[in-house]
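Protein sequence lines, in the order shown, are assigned to chains B and U. At position 17 of the first sequence the residue is numbered 448 (the working numbering), and the sequence of numbers has no breaks. At position 1 of the second sequence the residue is numbered 77 (the working numbering), and the sequence of numbers has no breaks. The beta-carbon is built from N, C-alpha and C at its ideal position, and this holds for glycine as well. As the structure is a prediction and not an experimental result, all values here were calculated from the model. Presented below is the structure to which this report refers.
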Amino acid sequence: MSDELRVDSGALIFATLADVYISSGMIDEAISILKDGLARNPNYHLARIILGRAHYLKGELDDAKKTIESVYEQVKDSESANLYLGHCYRDSGQKEKARGYYEATLKINPENMEALKELEKLIPDFTPPPVPTAKKAEPAVAEVEERVERKTEDEEEKEAVGVGEEEGEVAVTEEESVAVIEGPEEPAVLSKEQEETKIETVGSLIEELPEKKVEIETVPLEALDKPVKRLLALDTVKGVFISTKDGLLIKNYGKAEHDIEAVCASVAAICMDVDESFRLLKRSGLTRCIIEKPDETLCVMAVGDSLLTVVTEVEAKPGLVFVYARRIIEDIEEILG
Amino acid sequence: MKIGEFTKLQKVLGAGLVSEDGFIIEGQAKFEYDMDKLGAIAARVANRIKNSLSVEKASAIIYTQDNVLFLRDSSEGIVFVICQKDANVGLVKIRLDKLA
């Protein structure tokens, strides 16, 4: 597929392919396809920003700066362009300039973590700009406005570049917003008529949008902290960790100096073997086990699809560990099922 | 090896000695337990513990919903004891410690 796309570098999809190349660490390939594509589509500014980013990632700071700055006037509202220019100037020691670009990035997107972090490093007493509350309070309106603007800009871009609808859609990347700078900027002050039209359009779109509640599931593992701390308070307890039955670590409350992931995998492998073996005997599987090592003891408890492992010293009393662990088991059952 | 001592204990269902490759050297069972299978399981789990945790001698107590299985590496092989879940696990462990 990549060959077909490479051949058809006249299509704007080359930017998407280049983005994929960059994500896969194939920077040279990305630069090659971007240069080729830009030779055919010199006004495709998004591709130029991606090329600048590729140069930056390759360590070619001058090329990166030159590439992005060549279109900066047209893309000055691009979060990515400002961010990477900031990176370029930071790396070349021009901190003031870098700071300017990071600040511009934050003006475009106050939640850009990279820019925030860089500014925190550059300015010791830096306070992040407030996130516009309207965006949070009225997400539906903001989303609709974005859709309206994007729709207009998409149409303009299609006209400007003259590509088919399908190609235009495929070329969209995470820096989509950058691609649409070519359109005329919206006047800062709208006339009353324009404002009314915009409100009407937004209103009609709000009605069209289906009401959809987004439920974000959170796993409140913090609830386990208290009972686990009680268990860890026992002198003989060296560490506690929770893993899945297939050996992946969920949470480590470590006092123990272990390669915890290796221990998780080992414990899971032992438990799997036991389960499988007892299944052969048509008996129920493991509920808990105590594995005695020369230097420590592992008390493992199966809780649903998870394993709670308590690492103790040899002289620990496993009975006491199981009593303390009972409360944690109840909580894990409730939280992780 | 006095395997018979374990089966005298209340609610102990069987005990045995098995080689590392899973062949029963000695075994006694009270009820329907197939000691060959149980020995093979004990050897498998013991080998898994030794390989996974890089220990020379495996020692574990495994609880299932109905039973408790003890296994312990000794100089003669792997000793295993299976008992009901409400058996005196502590007593079995003490005997096993003495034996191994």
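Assign residue i to one of two classes, buried (16 or more other C-beta atoms within 10 Å of its C-beta) or exposed (fewer than that).
| i | result |
| --- | --- |
| LYS657 of chain B | exposed |
| LEU550 of chain B | buried |
| ILE554 of chain B | exposed |
| LEU477 of chain B | buried |
| GLY750 of chain B | exposed |
| LYS507 of chain B | exposed |
| GLU504 of chain B | exposed |
| ASP736 of chain B | exposed |
| ASP149 of chain U | buried |
| ILE481 of chain B | buried |
| ASP522 of chain B | exposed |
| MET732 of chain B | buried |
| GLU744 of chain B | exposed |
| VAL165 of chain U | buried |
Along chain U, which residues have their Cβ under 7 Å away from the Cβ of residue i?
| i | result |
| --- | --- |
| GLY792 of chain B | No statement about residue 792 of chain B is possible, as the shown extent of chain B runs from 432 to 768 and does not include it. |
| SER708 of chain B | ILE117, ARG120, VAL121 |
What residues of chain B sit near residue i, judged by a beta carbon separation below 8 Å?
| i | result |
| --- | --- |
| LYS78 of chain U | Result: empty, since nearest Cβ-Cβ is about 21 Å, beyond 8 Å. |
| VAL131 of chain U | LYS724, PRO725 |
At the 8 Å Cβ level, is residue i part of the contact set with chain B, yes or no?
| i | result |
| --- | --- |
| SER150 of chain U | no |
| ARG124 of chain U | yes |
| ASN143 of chain U | yes |
| LYS113 of chain U | yes |
| LYS174 of chain U | no |
Interface residues of chain U around residue i at Cβ under 8 Å?
| i | result |
| --- | --- |
| CYS720 of chain B | ALA136, ILE137, ILE138, TYR139 |
| VAL741 of chain B | Within chain U, no residue comes near VAL741 of chain B; the closest Cβ sits about 14 Å away, beyond 8 Å. |
Which bits of chain B does residue i rub up against, with CB to CB less than 7 Å?
| i | result |
| --- | --- |
| SER95 of chain U | Going along chain B, no residue has its Cβ under 7 Å from SER95 of chain U, so there is no contact; the nearest lies around 17 Å. |
Counting only beta-carbon atoms, is residue i nearer than 8 Å to chain U?
| i | result |
| --- | --- |
| ASP493 of chain B | no |
| SER697 of chain B | yes |
| ILE701 of chain B | yes |
| LEU738 of chain B | no |
| VAL659 of chain B | no |
| LEU679 of chain B | no |
| ASP704 of chain B | yes |
Do residue j and residue i count as a contact pair if the criterion is CB distance below 8 Å?
| i | j | result |
| --- | --- | --- |
| CYS702 of chain B | LYS676 of chain B | yes |
| ALA495 of chain B | GLY483 of chain B | yes |
| VAL752 of chain B | VAL741 of chain B | yes |
| ILE158 of chain U | LEU89 of chain U | yes |
| ASN127 of chain U | ARG714 of chain B | no |
| ALA654 of chain B | ILE766 of chain B | yes |
| LYS87 of chain U | ASP173 of chain U | no |
| VAL671 of chain B | LEU680 of chain B | no |
| ILE499 of chain B | LEU516 of chain B | yes |
Could you list which residues in chain U have their beta carbon closer than 9 Å to that of residue i, in chain order?
| i | result |
| --- | --- |
| LEU711 of chain B | LYS113, ALA116, ILE117 |
Step through the CB atoms of chain A and report whether any lies within less than 8 Å of the CB of residue i.
| i | result |
| --- | --- |
| GLU81 of chain U | Although the question refers to chain A, the structure presented lacks it and instead comprises the protein chains B and U. |
Whole alpha helix (DSSP H) elements within the segment 467-528 of chain B, 4-residue minimum:
476-489, 492-500, 503-506, 510-522
Those runs of the alpha helix (DSSP H) which lie wholly inside the segment 678-744 of chain B and span at least 4 residues:
For the alpha helix (DSSP H) assignment, the uninterrupted runs of no fewer than 4 residues enclosed by the segment 678-744 of chain B are, from N- to C-terminal side, 691-711.
I'd like the ranges of any alpha helix (DSSP H) spanning at least 4 consecutive residues and lying wholly in the segment 109-162 of chain U.
111-129
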